[in-house]
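Using mature numbering (1 follows the signal peptide of the UniProt record, and there is no 0), the letters of the sequence shown correspond one by one to residues -19 to -1, 1 to 336. Where a beta carbon is used, it is the ideal one built from N, C-alpha and C, also for glycine. Here is the structure we will look at, set down as structure tokens.
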Amino acid sequence: MLRATLSLCLSFCIFTAHAAAPETAPATPSPAVAVPPSATTATAVPSAPAPAAVLETVVVSGEQPGPGLWKISKGEHVLWILGTLSPLPKKISWVSREVESVIAGAQQVLLPPQASVKIKGGMVGGLFLLPSLLKARNNPDGKRLADVVPPDLYARWQPLKQKYLGRDQGVEKRRPIFAASELYGEALDKAGLRGGGKVADTVEKLAERHKVELVRPEVALKLDGARDTLRDFAKSELDDIDCLRRTVDRLESDLPAMQLRANAWAVGDIEALRALPYVDQNQACTEAMLQNSAVQEHGMGDLRERVARAWLESAETALARHTVSLAVLPMDQILGADGYVAELQRRGYTVQPPE
């Protein structure tokens, strides 16, 4: 049986960093720090402006606690929520005694939700894994990236591709959404970051150690005629230019902020996470997939909403039945005005952020 997962709200479902050792890492844990380069000699011309200093962000390493827990309650029943972030520093070891203490006294742990697609012969978890089965990651009719994206965007793509992917020519055959995925993953790797951070895996192991019930909210879809569906996808158009453009935008301007956000999560600095601007290309990439005609025709276009309903239903059930439970959610679903935590607050639950 083939099985993988579609991550919560379909974010980062196609963007996964490649695991490799970072080029450099500090020997001991460090807070979010900007290290200026060595001082330069002043010019003799007073009217010439001094060049702007380029700051290098040091990515934390070693054992880190991560953020505190959000408390969702109604009466005597409490659901504690651990916020996760992607990307995170590659070289950290996440250890939270607070989380383990809560799990030890909990009756249930909610893992991040997933969507799975059942096809003949097994399960394929994750809408974004389907195209790879028939090599539908490539542009139809043998077109190359330069043939399908605007010249200005391709001109911006080229230096980033050279920097992060080198001479890889296979990526030039990819649809923009999959070219963006490969570029993003390699960029994270070179920045000392990784997607996910395996936080949910650690929580799952802790729940098993303490013999606490594990629940993963799931939306299961049945796909008849999968081979025909995939062939339709391979021939169909994807409105994914904006996905590549926003990925390029983010890699041109947001890598230092990504590192700072990763550091802030690692050391549990919630205010820094709130304050740092968040530029997310995944909305455009997700919508490109979900609006595809082959996806729409087979009832998968509303997966985002169905996954949200599944998680909220599971959370309310946990709060009704158990005095203590814990859930794992991406940080944007906790801090966002339209996130799952905000929806629970609208439904009458009391929400308290970490102290």
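Best match in the options for proximity to residue i [C-alpha to C-alpha]
{"i": "P93", "options": "V180, E286 and R242", "result": "V180"}
{"i": "A201", "options": "E252, R290, A245 and D261", "result": "R290"}
{"i": "P131", "options": "A87, A238, D220 and E189", "result": "D220"}
{"i": "T183", "options": "N263, L91 and K124", "result": "L91"}
{"i": "C266", "options": "V288, D223 and R231", "result": "D223"}
{"i": "K186", "options": "A85, L169 and L141", "result": "A85"}
Cβ neighbour criterion (16 or more within 10 Å) applied to residue i
{"i": "Q139", "result": "exposed"}
{"i": "V76", "result": "exposed"}
{"i": "Y321", "result": "buried"}
{"i": "E233", "result": "exposed"}
{"i": "D319", "result": "exposed"}
{"i": "K71", "result": "buried"}
{"i": "S306", "result": "buried"}
{"i": "Q143", "result": "exposed"}
{"i": "Q326", "result": "exposed"}
{"i": "P68", "result": "buried"}
{"i": "S118", "result": "Before going further, note that residue 118 is Arg rather than Ser in the sequence given. Label assigned to R118: buried."}
{"i": "A87", "result": "buried"}
{"i": "A301", "result": "exposed"}
Cα-Cα separation between residue i and residue j, rounded to whole angstroms
{"i": "N120", "j": "D149", "result": "16 Å"}
{"i": "K55", "j": "T331", "result": "6 Å"}
{"i": "S11", "j": "V41", "result": "Unreliable placement is indicated for S11, whose pLDDT of 33 sits below 50; the coordinate value is still reported in the next sentence. Each residue's alpha carbon lies about 5 Å from the other."}
{"i": "F159", "j": "D283", "result": "21 Å"}
{"i": "K171", "j": "H58", "result": "44 Å"}
{"i": "L174", "j": "G64", "result": "18 Å"}
{"i": "R155", "j": "V309", "result": "33 Å"}
{"i": "A161", "j": "R226", "result": "9 Å"}
{"i": "E286", "j": "Q95", "result": "12 Å"}
{"i": "D313", "j": "S82", "result": "25 Å"}
{"i": "P335", "j": "K124", "result": "51 Å"}
{"i": "P112", "j": "A136", "result": "Its pLDDT being 46, under 50, P112 is placed unreliably in this model, and the value from its coordinates should be taken loosely. C-alpha separation (whole angstroms): 27 Å."}
Cβ separation of residue i and residue j, assumed to be a contact under 8 Å, to the nearest whole Å
{"i": "A323", "j": "G329", "result": "Going by Cβ atoms, the distance from A323 to G329 rounds to 13 Å, so no, they are not a contact pair."}
{"i": "L257", "j": "A245", "result": "7 Å"}
{"i": "I62", "j": "I315", "result": "6 Å"}
{"i": "L60", "j": "V80", "result": "With 8 Å as the limit, L60 and V80 do not qualify as a contact, their Cβ atoms being about 14 Å apart."}
Proximal residues to residue i (C-beta, below 6 Å), its chain only, five neighbours per side dropped
{"i": "Q333", "result": "K52"}
{"i": "L236", "result": "A172"}
{"i": "P198", "result": "P94, A291, W292 and S295"}
{"i": "residue 365", "result": "Nothing in the structure corresponds to residue 365, since the chain is present only between -19 and 336."}
Sequence-distant residues of the same chain with beta carbon closer than 7 Å to residue i, five excluded per side
{"i": "I73", "result": "V41, S42, G43, Q45 and A247"}
{"i": "Q89", "result": "V193, E194, V196, A299, H303 and S306"}
{"i": "L146", "result": "V152, E163, L164 and E167"}
8 Å CB neighbourhood of residue i in its chain, flanking five on each side removed
{"i": "A127", "result": "Y135 and E153"}
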